[in-house]
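Engineer: Dropping the structure in here first, questions after.
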Amino acid sequence: MSPTNPSTHPTPPDIIRAAYAELIVTDLATSRAFYHGVLGLVITHEDDDAIYLRAFEEYLHHSLVLRKGPVAALAALAYRVRTPEDVEFAADYYTGLGCRVERRASGATRGIGASVRVEDPLGFPIEFFHEAEHVERFTRRYDVHGAGAISRLDHFNVMTPDIGAARGYYEGLGFKVSEDIQDEAGTTYAAWMYRKATVHDVALTGGDGPRMHHIAFATHERHQILHICDHLGAIRESDKIERGPGRHGVSNAFYLYLRDPDGHRIEIYTHDYYTGDPDNPTLTWDVHDNQRRDWWGTPVVPSWYSEASAVLDLDGNPRTLVEREEPAEESVTIGADGFSYTREGEPQPEYKLGHQV
């Protein structure tokens with residue numbers, strides 16, 4: 002796959018940001034206790050089949066849908082587009098790519114206007130929408146925030162076998178690369194791509210796919226992430242903490258990875274950086290650099306590399322996985338995550354903004 006040529010292909014939709022995820026869960030009550038009871042997300046609506054949630058600063062109807070089903074999986078990742086016309090652009094664009102396209106009437110997902118869902122070239126169910134119901138924004142409702150208040154949905158992370166092809170596809174949609182991980186042979190192991198002015202709206206992780214690695218919510222402060230850890234410890238559910246807390250090298254963000262009751266991975270994330278200038282440079286990391294995944298050099302648990310959520314097609318059937326042919330990041334690490342620091346007398350990788358030398 003190569004980046005879309007705009008002179009020979011319909012106009013891509015103007016994507017604003019990652020907007021919501023729809024997850025299939027097997028027990029709504031148990032999931033409610035985690036997402037609302039522990040993480041504190043606001044419930045906009047719930048019924049026997051689904052729960053619609055949002056974070057405190059969000060005013061669209063939801064940023065997460067939990068829908069009851071027999072097998073835990075990803076049902077859709079949704080991007081908001083700039084205008085209603087961009088929904089039509091999305092339909093034309095993906096039809097031109099030869100992808101399956103499904104038009105959805107207003108209200109097909111509660112709170113969302115007319116939209117288009119597609120099976121994208123990477124095998125993921127992706128929705129594009131503009132119109133959405135507005136609800137109360139809880140920015141100043143400090144009386145209900147709690148110590149672990151979550152602000153907003155930040156990004157998606159997906160596992161796909163060919164990062165070069167995936168990167169080209171997203172660049173065709175107007176995404177830019179903030180950071181990536183490569184080796185000396187030029188193999189790309191992961192890439193972080195953005196539309197809003199932060200490090201990413203979607204991260205591409207090399208591995209068997211399509212699978213969903215995680216969805217991430219942002220907080221304002223690190224102490225809010227630490228409170229979530231304390232909360233889980235207090236209710237004796239600290240085994241839901243898979244990794245962290247820590248600080249990433251890539252993105253510079255403070256992070257925590259949790260596994261929900263069905264095993265879906267959720268990241269809580271804060272303190273990345275601004276990428277909104279048109280000449281924002283790309284930072285490339287060496288896959289051998291011990292600080293790429295954790296700035297403190299803390300080992301990464303093997304499950305973080307190997308496990309991810311199944312993905313459904315538009316009919317609700319699990320997608321068949323395609324194996325990654327190039328090396329996966331876990332296969333080039335030593336121990337749980339890797340490589341010792343380079344020190345005087347050893348080869349020292351040098352990094353400059355925009356490229357590695």
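Residues in the sequence shown are numbered consecutively from 2, following my numbering. From the three backbone atoms N, C-alpha and C, an ideal C-beta is built for every residue, glycine too.
In its own chain, which residues sit with a C-beta less than 6 Å from the C-beta of D93, not counting the 5 before and 5 after it?
Structural biologist: P11
Engineer: With a threshold of 6 Å on Cβ separation, who are the neighbours of V323 within its own chain once the five nearest residues in sequence on each side are excluded?
Structural biologist: P162
Engineer: Taking its Cβ as the centre, do 16 or more other Cβ atoms sit within 10 Å of D263, making it buried, or is it exposed?
Structural biologist: buried
Engineer: V1 to I242, Cα distance in whole Å?
Structural biologist: Residue 1 is absent from the structure shown; the chain starts at 2 and stops at 358.
Engineer: In the DSSP assignment, the alpha helix (DSSP H) including P303 goes from what residue to what residue?
Structural biologist: The continuous alpha helix (DSSP H) containing P303 extends over residues P303 to S307.
Engineer: To the nearest angstrom, report how far apart W297 and D181 are at their CA atoms.
Structural biologist: 19 Å
Engineer: Terminal residues of the continuous beta strand (DSSP E) containing E23?
Structural biologist: I16 to V26
Engineer: Could you have a look at H272 and say whether DSSP puts it in helix, strand or coil?
Structural biologist: coil
Engineer: Rounded to a whole number of angstroms, what is the C-alpha to C-alpha distance between N281 and A30?
Structural biologist: 44 Å
Engineer: Using the Cα positions of L65 and T189, report the straight-line distance between them to the nearest angstrom.
Structural biologist: 30 Å
Engineer: Using the Cβ count rule (16 or more neighbours within 10 Å means buried), how would you classify I236?
Structural biologist: exposed
Engineer: Which runs of the beta strand (DSSP E), 3 residues or longer, sit entirely within the stretch 88-143?
Structural biologist: 102-105, 116-120 and 126-130
Engineer: Between the beta-carbon of D202 and the beta-carbon of M194, is there less than 9 Å?
Structural biologist: Yes, they are a contact pair.
Engineer: Quick check: what's the CA-CA separation for G144 versus I164?
Structural biologist: Reading off the sequence, residue 144 comes out as Asp, not Gly. When rounded, the distance between both Cα atoms is 44 Å.
Engineer: Mind checking R344: buried by the 16 CB within 10 Å criterion, or exposed?
Structural biologist: Note that R344 has pLDDT 45, beneath the 50 cutoff, so the model's placement of it is unreliable and no number is given.
Engineer: Within 10 angstroms of the Cβ of R196, are there 16 or more other Cβ atoms? Answer buried if so, exposed if not.
Structural biologist: Around the C-beta of R196, 16 or more other C-beta atoms lie within 10 Å, and the residue is accordingly described as buried.
Engineer: Per DSSP, which one or two residues make a beta bridge with A191?
Structural biologist: I182 and T206
Engineer: What would DSSP say about A51, mapped onto helix, strand or coil?
Structural biologist: Three-state result, A51: strand.
Engineer: Taking only three categories from DSSP, how would you classify E345?
Structural biologist: In this predicted model, E345 has a pLDDT of only 45, less than 50, meaning its place in the structure is not dependable; the value taken from the coordinates is given anyway. Reduced to three states, the DSSP call for E345 is coil.
Engineer: Among V39, D209, H265 and I229, which one has its Cα closest to the Cα of E23?
Structural biologist: H265
Engineer: Along the beta strand (DSSP E) that carries L284, what are the first and last residues, could you check?
Structural biologist: For L284, the enclosing beta strand (DSSP E) begins and ends at L284 to D287.
Engineer: Would you tell me roughly how many angstroms separate the C-alpha atoms of C100 and F125, rounded to the nearest one?
Structural biologist: 11 Å
Engineer: Within 10 angstroms of its Cβ, does E268 collect 16 or more other Cβ (buried), or is it exposed?
Structural biologist: Flag for E268 reads buried.
Engineer: Would R118 and A77 qualify as a contact pair, given that the criterion is a beta-carbon distance under 9 Å?
Structural biologist: For R118 and A77, yes; Cβs fall inside 9 Å.
Engineer: Return helix, strand or coil for G245, following the three-state DSSP convention.
Structural biologist: strand
Engineer: Does the stretch 147-163 come within contact of the stretch 51-62, defined as at least 3 CB pairs closer than 8 Å?
Structural biologist: Between the stretch 147-163 and the stretch 51-62, the count of C-beta pairs closer than 8 Å reaches three or more; the two stretches touch.
Engineer: Excluding five sequence neighbours on each side, which residues of the same chain lie with their C-beta closer than 7 Å to the C-beta of P13?
Structural biologist: T5, F90, Y94, G173, L174 and G175
Engineer: Run through DSSP, which three-state label would Y60 get?
Structural biologist: In the structure shown, Y60 adopts coil according to DSSP, grouped into three states.
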